Amino acid sequence: MDSKNINQNDKFHLRWTLKIKFITFITLLIVVIMIFNGMFIIIREKRLLMAKIENESTALVKSLAIPVTNVFLYKEVGLLHEEELLENYISQLMEEKYPILYAMILDNENRVLVHSDLKKFGSIYNDPISENALRSWQTITQKYHDKNWGDVLDASAPLAISSKRWGTLRIGFSLEPIQARIQRLYWEILGLTLGIVLLAFFIVNILSRKLTAPLSILITEMKKTSVEQERQPLAIHSSDEIGYLACAFEDMRERLINSHRELKQAQDQLIRAEKLASIGRLSSGVAHEINNPLNGMQNCIRMILEEPENREQTGRYLELIDEGLQKIESVVQKLLDYSRKDPIMYEKVDVNHSLKKMLELLEYKFSKQNINIELQLDDNLPLIRGDAHLLEQAFLNLMINAYDAMPEGGTLTIRTKQTTRKRRKFVTVVIQDTGEGIPESELTRIFDPFYTTKDVGEGTGLGLSVCQGIIENHQGEIFVKSKAGQGAVFTIFLPVKSK
Ligand SMILES: Nc1ncnc2c1ncn2[C@@H]1O[C@H](COP(=O)(O)OP(=O)(O)O)[C@@H](O)[C@H]1O
Ligand SMILES: [Mg+2]
Numbered sequence: 361m362d363s364k365n366i367n368q369n370d371k372f373h374l375r376w377t378l379k380i381k382f383i384t385f386i387t388l389l390i391v392v393i394m395i396f397n398g399m400f401i402i403i404r405e406k407r408l409l410m411a412k413i414e415n416e417s418t419a420l421v422k423s424l425a426i427p428v429t430n431v432f433l434y435k436e437v438g439l440l441h442e443e444e445l446l447e448n449y450i451s452q453l454m455e456e457k458y459p460i461l462y463a464m465i466l467d468n469e470n471r472v473l474v475h476s477d478l479k480k481f482g483s484i485y486n487d488p489i490s491e492n493a494l495r496s497w498q499t500i501t502q503k504y505h506d507k508n509w510g511d512v513l514d515a516s517a518p519l520a521i522s523s524k525r526w527g528t529l530r531i532g533f534s535l536e537p538i539q540a541r542i543q544r545l546y547w548e549i550l551g552l553t554l555g556i557v558l559l560a561f562f563i564v565n566i567l568s569r570k571l572t573a574p575l576s577i578l579i580t581e582m583k584k585t586s587v588e589q590e591r592q593p594l595a596i597h598s599s600d601e602i603g604y605l606a607c608a609f610e611d612m613r614e615r616l617i618n619s620h621r622e623l624k625q626a627q628d629q630l631i632r633a634e635k636l637a638s639i640g641r642l643s644s645g646v647a648h649e650i651n652n653p654l655n656g657m658q659n660c661i662r663m664i665l666e667e668p669e670n671r672e673q674t675g676r677y678l679e680l681i682d683e684g685l686q687k688i689e690s691v692v693q694k695l696l697d698y699s700r701k702d703p704i705m706y707e708k709v710d711v712n713h714s715l716k717k718m719l720e721l722l723e724y725k726f727s728k729q730n731i732n733i734e735l736q737l738d739d740n741l742p743l744i745r746g747d748a749h750l751l752e753q754a755f756l757n758l759m760i761n762a763y764d765a766m767p768e769g770g771t772l773t774i775r776t777k778q779t780t781r782k783r784r785k786f787v788t789v790v791i792q793d794t795g796e797g798i799p800e801s802e803l804t805r806i807f808d809p810f811y812t813t814k815d816v817g818e819g820t821g822l823g824l825s826v827c828q829g830i831i832e833n834h835q836g837e838i839f840v841k842s843k844a845g846q847g848a849v850f851t852i853f854l855p856v857k858s859k
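In our numbering, the protein residues as written are 361 to 859.
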């Protein structure tokens with residue numbers, strides 16, 4: 361698997377890739393199987409070889425015992441006088457050499473009569489092996505260890521006819537060839553194990569790459585998947601569990617995108633509802649702003665009707681009527697402008713301009729409620745990227761909230777400036793009032809949807825939640841500072857450059 365790719369995710373550390381797991385498992389499996397198999401083969405082989413050498417040595421000692429016994433018998437009955445015959449037999453046998461180490465003929469006291477090693481002539485054996493050989497009336501084999509020869513198999517046959525015994529014939533066979541054979545077998549099995557492990561390593565490597573390649577694609581796609589954009593279907597066509605996983609992921613992605621779309625629609629509806637509600641709040645002020653010029657215009661018309669011939673007066677009044685109409689038009693235009701439902705559009709936004717535009721809509725209401733407006737706008741404020749209509753909606757809600765908080769009048773301060781936070785440039789908007797303030801316990805709740813302390817028709821409780829949504833969509837942040845009875849300060853940070 362493409363482990364580099366996965367390691368980029370700092371929350372997850374890939375230590376045991378599937379490949380490593382496969383390889384470890386397969387290697388362990390092979391080693392365990394080979395140990396059991398090897399042990400079985402070695403034990404069986406050892407047994408077979410031992411049986412073979414025992415049979416061969418027994419046959420040899422038995423077959424040689426017959427002529428040797430005959431020699432003793434002939435000597436006994438006086439048919440034979442030469443002594444050399446026995447030495448001949450032994451030296452002939454010794455020509456066979458390896459693995460025969462020695463051959464000897466002993467008398468009934470275990471004294472050496474003939475020995476392949478001439479120096480041993482006359483010496484007496486009294487070790488347990490020799491005692492056993494002497495005691496036995498049958499052909500036997502005995503195993504012992506010699507410091508020069510290593511493991512030795514001693515085959516002995518009694519030189520006897522019925523109850524008459526002359527001595528013992530003994531031949532020593534080296535077991536070293538067997539040991540060497542077993543040793544070689546060890547190495548062969550070890551080599552075979554290594555070979556199989558190596559082969560398995562390559563096969564697992566190829567297999568696991570084949571197996572995990574679609575997983576890598578899946579992981580890359582998962583990382584790239586965003587709820588906002590549709591993507592090409594995954595290029596995974598395997599018909600195994602991984603294919604199934606890819607299919608399930610595809611399904612999940614579709615559902616995610618759908619639910620995100622629905623959420624977005626719901627959000628848009630919420631913003632719209634809040635906007636309509638705020639237009640409702642504006643309407644009383646707007647009505648006044650329309651009524652005032654209308655009254656003036658009515659007076660003008662009345663005057664004109666009274667003196668229709670006075671052309672000079674008529675001209676003056678018509679000018680006033682035109683002025684009134686323009687005023688009405690401008691007010692209606694502002695309201696229409698605000699209520700327009702635009703698709704979200706990211707463009708260069710002059711925050712100062714937007715703030716002033718919204719203030720104009722509320723000017724009449726503020727002056728009627730004895731609210732002073734203090735503007736401290738930074739003239740060198742950079743433009744930001746955003747949706748002017750949405751930002752204006754957010755500002756308007758904060759202004760209406762301030763208006764509602766100061767029923768007895770007060771001061772609304774609007775400040776803009778440029779700030780730097782965490783090495784990023786922000787436009788900061790501060791909207792501060794001297795109203796009733798917010799109790800500390802409620803500070804965390806005011807941004808909740810439908811949280812309101814206002815009467816039905818006055819507040820929907822959606823304003824601040826929509827406001828927060830809009831600011832966050834601009835990758836900005838909104839904070840509030842307030843105490844009961846001490847006014848409220850809302851601070852908005854909007855990044856100059858979005859990430
Ligand atoms: N400037 C403010 N001064 C005092 N309280 C405020 C201020 N702004 C908001 N609040 C409180 O937060 C609540 C929620 O505000 P908002 O979400 O705009 O809904 P609404 O204005 O419809 O009640 C208000 O009802 C009010 O209690
Ligand atoms: Mg509000």
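For every residue, glycine included, the Cβ atom is placed at its ideal position computed from N, Cα and C. Remember, predicted model here, so these are calculated numbers, not experimental data.
- In terms of Cα proximity to Ser-801, the closest of Gly-527, Asn-486, Lys-841 is Lys-841.
- If you check the CB distance, Val-787 and Val-711 come in under 8 Å.
- In the structure shown, Met-464 adopts extended strand secondary structure according to DSSP, grouped into three states.
- Looking only at Phe-807, Thr-384, Asp-747, the smallest Cα-Cα distance to Phe-561 is reached by Thr-384.
- Taking the Cα positions, Ile-806 is about 9 Å away from Ile-798.
- Here Asn-757 has Glu-634, Ser-638, Gly-823, Leu-824, Val-826, Cys-827 as same chain residues with Cβ atoms under 8 Å from its own Cβ, once five neighbours each way along the sequence are excluded.
- The residues Ile-760, in chain order, have a CB closer than 6 Å to that of Arg-641 in the same chain once the five nearest residues on each side in sequence are set aside.
- In this structure Ile-830 is in contact with Leu-751, their Cβ atoms being roughly 7 Å apart against a cut-off of 8 Å.
- By the CB criterion at 8 Å, Leu-545 and Glu-447 fall outside the cutoff.
- The C-beta distance from Gly-795 to Gly-847 rounds to 6 Å, short enough to meet the 8 Å contact threshold.
- Contact between Gly-532 and Leu-461 holds: their C-beta atoms lie close to 4 Å from each other, under 8 Å.
- Taking the Cα of Tyr-677 as reference, the smallest distance to any Cα among Thr-780, Asp-697, Asn-655 is reached at Asn-655.
- About 4 Å separates the Cβ atoms of Pro-653 and Gly-684, confirming a contact at the 8 Å cut-off.
- In the three-state DSSP reduction, His-749 falls in the helix class (H, G or I).
- Residue pairing for His-475: DSSP places it in a beta bridge opposite Met-464.
- Within 10 angstroms of the beta-carbon of Val-789 lie 16 or more other beta-carbons, which makes it buried.
- Put simply, the backbone Cα of Ala-425 is about 42 Å away from that of Asn-397.
- Contact annotation: Ile-538 and Met-410 have beta-carbon atoms nearer than 8 Å.
- With respect to the 8 Å criterion, Gln-502 and Ile-489 are classified as neighbours on the basis of their beta carbons.
- Where Glu-414 is concerned, the enclosing alpha helix (DSSP H) starts and stops at 378-436.
- The alpha carbon of Leu-854 has as its nearest neighbour, out of Thr-779, Lys-694, Gly-845, the alpha carbon of Thr-779.
- Counting along the chain, His-373 sits inside no alpha helix (DSSP H), nor does DSSP assign it H or E at all.
- Secondary structure at Gln-543: helix, using DSSP grouped into helix, strand and coil.
- Residue environment analysis places Arg-613 among the buried positions, since at least 16 neighbouring C-beta atoms fall within 10 angstroms of its C-beta.
- Annotation for Phe-609: the continuous alpha helix (DSSP H) segment containing it runs 601-666.
- Annotation note: the region 501-585 contains the following uninterrupted alpha helix (DSSP H) runs of length 4 or greater, listed N- to C-terminal: 536-584.
- By the Cβ neighbour-count rule, Thr-820 is buried, with 16 or more other Cβ atoms within 10 Å of its own.
- Within the same chain, Thr-499, Ala-517 come within 7 Å of Lys-422 by CB-CB distance, once the 5 residues on both sides are set aside.
- Here Leu-439 has no same chain residue with a Cβ atom under 6 Å from its own Cβ, once five neighbours each way along the sequence are excluded.
- Not one heavy atom of ligand 1 is found less than 7 Å from the C-beta of Ile-733.
- Assignment of Pro-488 by DSSP, reduced to helix, strand and coil, places it in the helix class.
- When the Cα atoms are used, Ile-566 and Phe-382 turn out to be separated by approximately 11 Å.
- Within the region 815-857, the complete beta strand (DSSP E) segments at least 3 residues long are 837-842, 848-855, listed from N- to C-terminus.
- With respect to the 8 Å criterion, Lys-708 and Asp-738 are not classified as neighbours on the basis of their beta carbons.
- In terms of side-chain proximity, the C-beta atom of Ile-798 is found no nearer than 7 Å to any non-hydrogen atom of ligand 2.
- Annotated as distal: Glu-720 and Lys-701, with beta-carbon spacing of 8 Å or more.
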